[in-house]
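In order, the protein sequences belong to chains A and B. Here numbering that gives the first Met the number 0 is used: position 60 in the first sequence is 59, and no number is missing along the way. Here numbering that gives the first Met the number 0 is used: position 211 in the second sequence is 210, and no number is missing along the way. What follows is one structure encoded as structure tokens, with my remarks underneath.
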Amino acid sequence: MTEAKLMKGNEALAEAAILAGCNAYFGYPITPQSEVLEYLAREMPKRGGVVMQAESEIASINMVYGAAGAGFRAMTSSSSPGISLMQEGISYLAGAELPCLIVNVNRAGPGLGTIQPGQGDYFQSVKGGGHGDYKMIVLAPASVQEMADHVFLGFELADKYRNPVLILSDGAIGQMMEKVVFQPCKIPDLDKSSWATTGKPKTRERNYITSLFIQPEKMEAHNLKLEEKFRQIRENEVRFEETATEDAEYLFVAYGLSARICQKAMEILRGKGVKAGMLRPVTLYPYPYQRINELADRMNLVLTVELNAGQMVEDVRLAVNGKIPVEFFRQTGRPDAHTRIDCSSFGNFNTT
Amino acid sequence: MSTEILLTDLTAPDFKEEEYELVYKKPSTFVDVPMHYCPGCAHSLAHKLLMEVIEEMNIQEQTIGIAPVGCAVFAYDYMNIDMQEAAHGRACAVATGIKKLMPDKYVFTYQGDGDLAAIGIGETIHAINRGENFLIVFVNNAVYGMTSGQMAPTTLPGMWSTTTPEGRNTDFYGEPIKVAELIAALPGALYVTRQAVNSANGVRRTKKALEKAFQYQQLKKGTCLVEIIGNCPSNWKMTPVECNRFIDEKMVMTFPLGDIKVPKG
């Protein structure tokens with residue numbers, strides 16, 4: 000199936016989940032991501048998967064835990080308030096080293112907020128969210144195509160590291176319709192018999208899934224093991240996309256929907272003779288600190304654009320480490336046709 | 000003077016093993032390690048009955064258990080089967096995730112009163128309402144054991160706990176939740192029974208109930224819940240013998256024993 004289709008982001012993600020061999024989806028309705036559950040409720044049973052509307056996001060994530068612990072490819076999706084409810088479960092999944100895919104179609108908050116797109120869940124996604132020392136691999140799609148691609152990549156990375164992977168999308172990317180091409184996906188035949196709870200045959204010891212290590216020395220050993228895993232993830236899995244950075248003097252850093260807005264701003268600036276470029280992190284954890292630091296050597300200024308009050312900009316500042324100024328522009332809760340990026344820090348010109 | 004009791008102290012000097020018939024042994028489905036449970040605690044008995052049934056039905060290879068948060072949090076240290084440790088109250092959601100994908104396996108949750116009836120009552124009711132084909136083993140000792148004696152949803156009216164130092168005031172906290180009666184009303188509940196393990200007969204009946212519940216699981220017609228009234232000597236501040244009497248005299252007044260719902264036909 001390589002012909003292009005016109006699909007909603009949420010539906011492309013759902014279709015990709017089926018193509019990626021996802022065995023089970025558990026979810027709860029919430030705007031702006033309910034299409035994922037609806038699409039899978041229509042399509043997944045026909046194609047051999049289990050799809051279930053749970054009684055809450057708390058139940059959803061724990062059903063994912065059960066299915067993932069039995070060795071199945073399992074996923075859930077939600078939007079910001081629902082993802083907050085899942086944080087306990089995510090911490091348990093990370094602690095018990097269970098691979099799974101979680102999707103957050105970010106809306107603006109805090110609290111009930113609005114159903115419009117937002118990026119206010121950056122800290123929650125990349126800095127922890129739940130209790131304890133753990134990390135999720137966080138992918139940030141900026142198009143309907145990536146909504147699909149990141150499902151394949153997400154499951155692959157989850158299995159590779161036995162760790163939850165989060166796709167951090169937003170209400171616009173989830174709701175917009177665009178062209179998408181589904182690449183053929185090879186579903187790996189993984190041997191999970193050393194840990195999955197499928198019933199203990201006589202030929203092996205019992206498997207048990209747990210994040211409980213009551214003896215302090217075992218707790219420390221487990222945490223050191225997780226730390227080493229996260230180090231490997233930081234070493235091997237940083238992904239980003241650069242646009243026009245070769246000769247750029249000004250650098251946009253933005254992800255997801257913000258990156259699309261910056262892309263347009265960059266084109267307008269280029270038309271006015273301003274040498275603007277962009278780095279778009281594709282993985283928010285691990286974060287492209289090193290590349291941003293390198294680029295800072297030949298830029299005058301970095302402008303970080305987010306649909307929140309300033310979250311990723313802290314990581315950009317860490318990456319730039321004081322070499323050049325890091326400016327921040329934000330729009331929180333109203334990313335619509337009124338959006339204007341204030342690029343005055345790039346110089347004195349009209350950029351609208 | 001040494002307090003250690005050696006096996007040789009208990010056997011005659013001329014004891015010859017081959018001359019005796021073996022009338023009891025630990026089930027092979029048990030891991031042979033010392034348990035962390037307090038002396039006289041009902042959990043060790045409930046664990047043993049479960050493992051005996053799994054051994055006798057020869058379903059060790061097809062069974063997956065869910066351990067709760069609470070005193071039985073280490074259940075997987077003792078039960079020689081594949082198990083998953085659930086977050087507090089989420090055992091029924093975890094079990095749903097397993098059973099939906101492996102409908103032919105035997106799945107059970109093992110939960111206490113705080114886990115099942117307080118923080119996890121939502122997951123429990125919804126799983127039963129869906130008629131998930133697994134067994135819920137519900138150990139009710141009217142107290143939070145692991146955290147050392149706080150009020151549970153099943154704490155009796157007037158009963159002392161560390162968080163109800165004047166006794167449970169029902170004007171403030173309401174009456175204890177009768178989980179078995181509550182969930183028996185759900186169409187998804189297939190077999191609901193309440194037993195106690197404070198007497199030899201009670202132990203036999205509890206084992207029979209667990210056995211039936213595993214057999215019913217093959218029917219795929221709904222959820223089975225076996226409530227086991229147990230004691231908690233450490234937190235009730237009673238000797239095991241006093242505990243057993245308390246169950247007979249007090250606990251069963253609020254939580255009457257017997258089958259509450261049995262499959263028709």
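For glycine and all other residues, C-beta sits at the position ideal for the given N, C-alpha and C. Owing to the predicted nature of the structure, the values given are computational and were not obtained by experimental measurement.
- Using beta-carbon distances, A:Arg230 does not count as an interface residue toward chain B, since no partner is under 8 Å.
- For the pair of segments examined, the region 21–40 of chain B was found not to touch the region 34–47 of chain A: the number of CB pairs separated by less than 8 Å stays below three.
- In chain order, Val72, Glu84 make up the part of chain B whose C-beta sits under 7 Å from the C-beta of A:Leu211.
- Under the 10 Å beta carbon count, A:His149 is surrounded by 16 or more other beta carbons and is classified as buried.
- Take the alpha-carbon of A:Asn206 and the one of B:Asp76: they are about 11 Å apart.
- A residue is called buried when at least 16 other Cβ atoms come within 10 angstroms of its Cβ; A:Ile186 does not meet this threshold and is exposed.
- DSSP, read as helix, strand or coil, puts B:Met101 in coil.
- Each residue's CA atom was taken as its position, placing B:Ser160 and B:Ala41 some 18 Å apart.
- With contacts defined by Cβ atoms closer than 8 Å, B:Lys104 and A:Gly198 form a contacting pair.
- Listed by position along chain A, the residues whose Cβ is nearer than 7 Å to that of B:Thr95 are Met62, Gly65.
- For the 8 Å CB-CB criterion, A:Glu54 and B:His87 do not form a contact.
- The secondary-structure analysis by DSSP pairs B:Gln149 across a beta bridge with B:Tyr143.
- Between B:Val136 and B:Ile259, the C-beta spacing is not below 8 Å.
- Against B:Tyr75, the close residues of chain A are Arg205, Tyr207, Thr209, in the order they occur along the chain (beta-carbon pairs closer than 8 Å).
- Within chain B, the residues Ile58, Gln59, Glu60, Gln61, Thr62, Ile63, Ile80, Asp81, Met101, Lys104, Tyr105 have their CB atoms less than 9 Å from the CB of A:Gly198, given in chain order.
- Scanning its chain for C-beta atoms nearer than 8 Å, with the 5 sequence neighbours on each side dropped, one finds around B:Lys25 the residues Asp31, Lys47, in chain order.
- Closest option to A:Met146, judged by alpha-carbon separation, among A:Lys126, A:Glu155, A:Leu167, A:Pro98: A:Leu167.
- The C-beta distance from A:Gln144 to A:Val179 rounds to 5 Å, short enough to meet the 8 Å contact threshold.
- At a cut-off of 8 Å between beta carbons, A:Glu54 contacts chain B.
- Straight across, the Cα-Cα distance linking B:Phe133 with A:Leu317 is about 51 Å.
- With the criterion set as a beta carbon lying under 7 Å from some beta carbon of chain A, the members of the region 114–125 of chain B are Gly121, Glu122, His125, in sequence order.
- Contact annotation, A:Asp169 with A:Pro109: C-beta distance approximately 16 Å; criterion of less than 8 Å not satisfied.
- For A:Lys274, the three-state secondary structure derived from DSSP is coil.
- Interface flag for A:Met218 against chain B is unset, since no Cβ pair is found closer than 8 Å.
- A:Glu248 and A:Val137 have their C-alpha atoms roughly 29 Å apart.
- Of all residues in the region 8–24 of chain A, only Asn22, Ala23 place a beta-carbon less than 7 Å from a beta-carbon of chain B.
- With a 10 Å radius around the Cβ and a threshold of 16 neighbouring Cβ atoms, B:Leu49 comes out buried.
- Runs of the alpha helix (DSSP H) lying entirely within the region 7–95 of chain A, each at least 4 residues long, are 8–18, 33–42, 56–68, 79–94 in chain order.
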